[in-house]
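Student: Numbering (my numbering), first residue to last: 1187 to 1361. Think of the CB as a built atom: it goes at the ideal place given N, C-alpha and C, for glycine as much as any other residue. The structure that follows is given in the form of structure tokens.
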Amino acid sequence: MTRSRAQAPATGDGDYVDSLEQEMAGLGAEAAMDILSRSLAHAVRAAPCVPSRALVRFGCASIEVEWPAAPGTPAAPGLPRDQAEPAEDAADGLLAVTAPVVGTFYRAPEPGARPFVEVGDEVAAGQQVGIVEAMKLMNPILAEAAGTVAKVVVDDAEPVEYGQPLLLLRPRSEG
């Protein structure tokens, strides 16, 4: 049997992958999920920094975990501070709506449809303002605060990175 190392974890721990394959052979779904859970824990422990998201997949079984960033968390290594924490543009008082995952940003629910929002539109907190497609999954992009769309930063059907600003909102004044 030829084995590809393309799916080995970023830790380069090929022996761990071999033992995982042997352990999962012929197991039921519950046992396979237990092994995947342990594999996820192993990968997270071996990572050089705490990840914001992790996915372990073996055959048709997978486990994905996402950890929300704690307020005041320092920027992730390798990311410029403005991409890791793009929540507010202090100079203009604008709030950035950012990509929650790496993928393709879509401004409309389907090709040819009206965009979810345009510059000048009022949006409510929790209102859908776009979609990021990642691995054939459509992830809704929601405004975290009420305000007016000041700028659309990313064009329709453009690739985006995690944390990249998609739209800028001028927050609604309280009072």
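CA-CA distance, G1333 and L1281?
Tutor: 9 Å
Student: Is DSSP giving R1356 helix, strand or coil here?
Tutor: strand
Student: Tell me, which residues are paired with Y1292 by DSSP?
Tutor: I1317
Student: Please name the residue in P1326, D1220, K1337 whose C-alpha comes closest to that of P1351.
Tutor: K1337
Student: Can you round the beta-carbon distance between V1303 and V1346 to whole angstroms, since I take them to be within the 8 Å contact cut?
Tutor: Wrong, their Cβ atoms sit about 16 Å apart, outside the cutoff.
Student: Exposed or buried, what is V1340 when buried is set at 16 or more other beta-carbons lying within 10 Å of its beta-carbon?
Tutor: buried
Student: Identify whether S1238 lies in helix, strand or coil by the three-state DSSP scheme.
Tutor: coil
Student: Given E1250, which residues of its chain have a CB within under 6 Å of its CB, disregarding the five upstream and five downstream residues?
Tutor: Excluding its 5 nearest sequence neighbours in each direction, E1250 has C-beta neighbours in its own chain below 6 Å: L1241, listed in chain order.
Student: Excluding five sequence neighbours on each side, which residues of the same chain lie with their C-beta closer than 8 Å to the C-beta of V1315?
Tutor: V1283, F1302, V1303, V1309, I1327, L1328, A1329, V1335, L1352, L1353
Student: A1299: which of S1225, S1223, I1221, D1342 sits nearest, CA to CA?
Tutor: D1342
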